[in-house]
Amino acid sequence: MQYAPESKDTYRIILATNNTHKLKEFSNAFGKEIYTPQSLGIQDFNPTENGKTFEENALIKANALHVALKQQSQNNMIILADDSGLCVEALNGGPGVFSARFAHIINNNVTAGNSSDTENRQALKRELKKRGIWGSKAFFQCSIAYIIDYKQTEESIYQKSFLVKSGIASGICNGIVAIKELGSHGFGYDSMFYRDFEGTRKAELMKCNFLLEQESSDIYQHSSQDSKIKASKQQDFYDTHDITKKYSYSINHILESLQYSLASIPLEEKMKISHRGKAIAELKKILQL
Numbered sequence: 001m002q003y004a005p006e007s008k009d010t011y012r013i014i015l016a017t018n019n020t021h022k023l024k025e026f027s028n029a030f031g032k033e034i035y036t037p038q039s040l041g042i043q044d045f046n047p048t049e050n051g052k053t054f055e056e057n058a059l060i061k062a063n064a065l066h067v068a069l070k071q072q073s074q075n076n077m078i079i080l081a082d083d084s085g086l087c088v089e090a091l092n093g094g095p096g097v098f099s100a101r102f103a104h105i106i107n108n109n110v111t112a113g114n115s116s117d118t119e120n121r122q123a124l125k126r127e128l129k130k131r132g133i134w135g136s137k138a139f140f141q142c143s144i145a146y147i148i149d150y151k152q153t154e155e156s157i158y159q160k161s162f163l164v165k166s167g168i169a170s171g172i173c174n175g176i177v178a179i180k181e182l183g184s185h186g187f188g189y190d191s192m193f194y195r196d197f198e199g200t201r202k203a204e205l206m207k208c209n210f211l212l213e214q215e216s217s218d219i220y221q222h223s224s225q226d227s228k229i230k231a232s233k234q235q236d237f238y239d240t241h242d243i244t245k246k247y248s249y250s251i252n253h254i255l256e257s258l259q260y261s262l263a264s265i266p267l268e269e270k271m272k273i274s275h276r277g278k279a280i281a282e283l284k285k286i287l288q289l
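The sequence shown maps to residues 1 to 289 in full-length UniProt numbering.
Structure below.
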């Protein structure tokens, strides 16, 4: 029995999303046009994502899109659907699969749809401050479900045998989240997530307790002269990063040392280290693209 040729260059890649940011990242990564449900005439594509894991939600979306496309007699396609989110240690792994509607969830508005990115970031800041911390260890996870609907041949049509292959590719990016925001290139929680820490000893920073009210830091020990030199910069720092003056100098210095959020680096650099970039890299190996 003959199916599609080994090369998948002729396959259309269809991404189950209406998120323009995600579409751009996938298009850049694959170097070709990526189709969406809307571009193929499927309006209001919004399957209920009631899975308990990123993998389950990704599969829900991929399967829903596959069904919709088969109703249009589509084949010779690679369907992709991703689910991703932020898992914060201080929030017991939350917001997790609820990352896109976190602001609504913590306000007990469980029936509402997704919150805006701004609402979600503000909600995360409030939850961190409520716990008396400026940040926490965290990781982003992205899981991409794929369904390959192979090209039909005369033989496969005659025998009513159509080959479909599916699976999951995942990626994780470890770092910290902080109440400080930096950068405007990303979306979601990118501006609060830091993977590299300029001017700090990363291993020690990752062991710190993240408390807002500490008056000294085991990581930073400054002379009075150093404090005077740095003090003149604090007002601009407060204004720029929305940090209140009640925090100790050592806390503000830690926050100031965070210089590279996922939203402050170019897209090409981001895709080398981000959860989605890693998941796409794994996916391309699986698909041999």
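No residue lacks a Cβ here, since even glycine has one placed at the ideal position from N, Cα and C.
Where residue i and residue j are concerned, what is the direct C-alpha to C-alpha distance, given to the nearest angstrom?
i: Asn-19; j: Gln-259; result: 27 Å
i: Gln-74; j: Ala-263; result: 37 Å
i: Lys-24; j: Met-271; result: 11 Å
i: Thr-17; j: Ser-27; result: 12 Å
i: Ala-68; j: His-253; result: 53 Å
i: Gly-94; j: Lys-284; result: 29 Å
i: Asn-46; j: Lys-52; result: 17 Å
i: Ile-157; j: Lys-70; result: Residue placement at Ile-157 is poorly supported in this model, since its pLDDT is 45, which falls under 50; the coordinates still yield a value, given next. When rounded, the distance between both Cα atoms is 14 Å.
i: Lys-278; j: Gly-132; result: 33 Å
i: Ala-100; j: Ile-106; result: 12 Å
i: Glu-256; j: Ile-273; result: 22 Å
i: Asn-92; j: Lys-137; result: 11 Å
i: Ile-286; j: Tyr-11; result: 15 Å
i: Arg-126; j: Ile-176; result: 16 Å
i: Thr-48; j: Cys-87; result: 21 Å
With a 10 Å radius around its C-beta and 16 neighbouring C-beta atoms as the bar for buried, classify residue i as buried or exposed.
i: Gln-141; result: buried
i: Asn-174; result: exposed
i: Asp-44; result: exposed
i: Val-110; result: exposed
i: Gly-113; result: exposed
i: Glu-57; result: Inspection of the sequence shows that residue 57 is occupied by Asn rather than by Glu. So Asn-57 ends up on the buried side.
i: Lys-180; result: buried
i: Thr-36; result: buried
i: Ala-103; result: buried
Opposite residue i in the DSSP bridges: which residues?
i: Phe-193; result: Val-177
i: Ile-78; result: Ile-13, Ile-148
i: Val-97; result: Answer is none; Val-97 lacks a bridge partner.
i: Gly-113; result: In the DSSP output, where bridge partners are listed per residue, Gly-113 has none listed.
i: Leu-211; result: Ile-133
* To do: Could you tell me whether the region 142-151 touches the region 80-91, where touching means 3 or more Cβ pairs closer than 8 Å?
  => yes
* Jot down the residue ranges of each uninterrupted beta strand (DSSP E) in the region 9-70, minimum 3 residues, whole runs only, in chain order. => 12-15
* Give, in chain order, every unbroken run of the beta strand (DSSP E) that is at least 3 residues long and sits entirely within the region 117-184. => 135-149, 164-178
* Tell me, please, whether the region 187-194 touches the region 111-125 by the rule of three or more beta-carbon pairs shorter than 8 Å. => yes
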